[in-house]
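Quick note: the sequence shown, position 293, residue 378 per this note's numbering, numbers continuous. Positions of the beta carbon are idealized from the N, C-alpha and C atoms, including for glycine.
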Amino acid sequence: MHRSEQLVSRRSLLRTGILAVSGWALAGHSHGAEKAASDSSEGTIDAHVHVWTSDTRRYPLAPGYAKDRMATASFTPEELFAHARPCGVRRVVLIQMSYYGFDNSYMLDMMEKYPGVFSGVGRVDQRADAREKMRALARRGVRGFRIVSGDESPDQWLGGEGMAAMWKCGADEGLAICPLMNPQFLPALDAMCRRFPQTPVVVDHFARIGADGQVRARDLDTLCGLARHKGLRVKLSAFYALGKKQSPYLDLAPMIRRLLDAFGPERLMWASDSPFQVIGGHHYADSVDLIRQRLDFLTATDHDWLLRRTAEQAFF
86 MHRSEQLVSR RSLLRTGILA VSGWALAGHS HGAEKAASDS SEGTIDAHVH
136 VWTSDTRRYP LAPGYAKDRM ATASFTPEEL FAHARPCGVR RVVLIQMSYY
186 GFDNSYMLDM MEKYPGVFSG VGRVDQRADA REKMRALARR GVRGFRIVSG
236 DESPDQWLGG EGMAAMWKCG ADEGLAICPL MNPQFLPALD AMCRRFPQTP
286 VVVDHFARIG ADGQVRARDL DTLCGLARHK GLRVKLSAFY ALGKKQSPYL
336 DLAPMIRRLL DAFGPERLMW ASDSPFQVIG GHHYADSVDL IRQRLDFLTA
386 TDHDWLLRRT AEQAFF
């Protein structure tokens with residue numbers, strides 16, 4: 086059994102009691118929520134949501150960010166629930182928002198406020214004792230760590246002792262490394278997966294294939310080639326930002342089908358990437374409905390993995 090799955094098995098002993106105490110903050114009473122929740126024993130999991138608050142006194146923004154330049158004034162858990170609850174989403178993986186840099190305080194506080202509802206993917210500075218910070222955050226319920234490709238070359242981004250320490254810690258502790266990256270970084274990711282084969286990896290947003298409006302076969306071939314790394318999973322997410330970028334997002338169906346054939350449903354997970362999925366004329370329900378209702382090649386078992394079980398194994 087993979088180490089991350091061992092951790093899941095241990096955590097599963099606690100999950101039932103925690104969820105009962107939490108009062109299911111995401112459980113709703115609408116017909117749509119009840120129907121969606123009936124699809125599986127514990128409802129749908131949204132594997133990628135950012136939250137932040139307008140209270141920048143208590144939760145200061147990182148250098149380089151300004152309050153008047155945020156995508157929305159706030160996107161709190163309560164604002165999320167208004168979108169997610171009618172769609173039957175009961176649990177959510179929070180992703181540390183860039184506005185806060187490496188200060189994970191707001192995400193951690195929201196995880197503690199809604200026990201059993203949220204898991205978390207944090208950020209640490211790879212240049213400053215990343216391993217100990219990862220372990221400390223893991224003790225507070227963080228199950229993965231985001232790494233972001235910037236202006237560096239692939240070798241610069243994934244090279245260095247700090248990054249290696251993060252990947253080694255991920256392997257040792259069963260903590261996922263979660264790359265936000267563009268397709269040109271996929272060969273470098275392949276090399277890291279070969280170097281650290283025991284490290285769980287969850288790739289965000291199809292590795293941004295199609296972000297410029299074109300889903301290129303060579304990029305998709307490269308991503309599908311990473312299926313040889315058994316610890317690597319992919320998020321089917323950010324539909325609003327890929328391909329035609331228009332609901333109902335059916336132009337993404339061939340890419341999803343390719344990934345399904347390469348990885349199997351057990352290594353794919355749906356995520357909304359809210360709040361960006363709920364602004365600019367896009368809607369939360371359109372994202373989940375692409376997986377739940379609009380792809381006729383998905384079976385009921387596929388739905389259960391994509392909408393719950395894969396994210397549950399990786400992050401809960």
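**Prompt:** Mind checking residue 371: buried by the 16 CB within 10 Å criterion, or exposed?
**Reply:** buried
**Prompt:** With DSSP run on the structure shown, which of helix, strand or coil describes residue 403?
**Reply:** The question about residue 403 has no answer, for the chain in this structure spans 86 to 401.
**Distance, residue 222 Cα to residue 359 Cα** = 23 Å
**Asked** What whole-angstrom Cβ distance do residue 252 and residue 281 have, given they're in contact under 8 Å?
**Response** 4 Å
**Straight-line Cα distance separating residue 210 from residue 278** = 20 Å
**Residues of its chain near residue 307, where Cβ-Cβ distance is below 6 Å and the 5 sequence neighbours each way are ignored** = 271
**Among 296, 345 and 140, nearest to residue 155 - alpha-carbon criterion** = 140
**Asked** By how many angstroms is the C-alpha of residue 385 removed from the C-alpha of residue 241?
**Response** Residue 241 and residue 385 have their C-alpha atoms roughly 42 Å apart.
**Message:** Measuring straight from C-alpha to C-alpha, what distance separates residue 171 and residue 202?
**Reply:** Taking the Cα positions, residue 171 is about 16 Å away from residue 202.
**Item:** Alpha carbon of residue 231 to alpha carbon of residue 266, nearest angstrom
**Value:** 10 Å
**Request:** Spatial neighbours of residue 284 within its chain, please: CB distance less than 7 Å, with the 5 preceding and 5 following residues excluded, ordered by chain position.
**Result:** 252, 255, 256, 262 and 316
**Item:** Inter-stretch contact (C-beta, 8 Å, three-pair minimum) for the stretch 297 to 305 and the stretch 315 to 330
**Value:** Yes, the stretch 297 to 305 is in contact with the stretch 315 to 330.
**Message:** Looking at residue 168: is its Cβ nearer than 7 Å to the Cβ of residue 320?
**Reply:** no
**Asked** Where in the stretch 145 to 176 do unbroken runs of the beta strand (DSSP E), each at least 3 residues long, occur, reported from the N-terminal end onward?
**Response** none
**Item:** N- and C-terminal bounds of the alpha helix (DSSP H) containing residue 315
**Value:** No alpha helix (DSSP H) contains residue 315, which DSSP labels as neither H nor E.
**Prompt:** According to the Cβ coordinates, are residue 249 and residue 215 closer than 7 Å?
**Reply:** no
**Request:** Mind checking who residue 230 pairs with in its DSSP beta bridge?
**Result:** Looking at the DSSP assignment, residue 230 forms a beta bridge with 207 and 262.
**Asked** With a CB to CB cut of under 6 Å and the five nearest residues on each side skipped, what residues in its chain are close to residue 146?
**Response** 184
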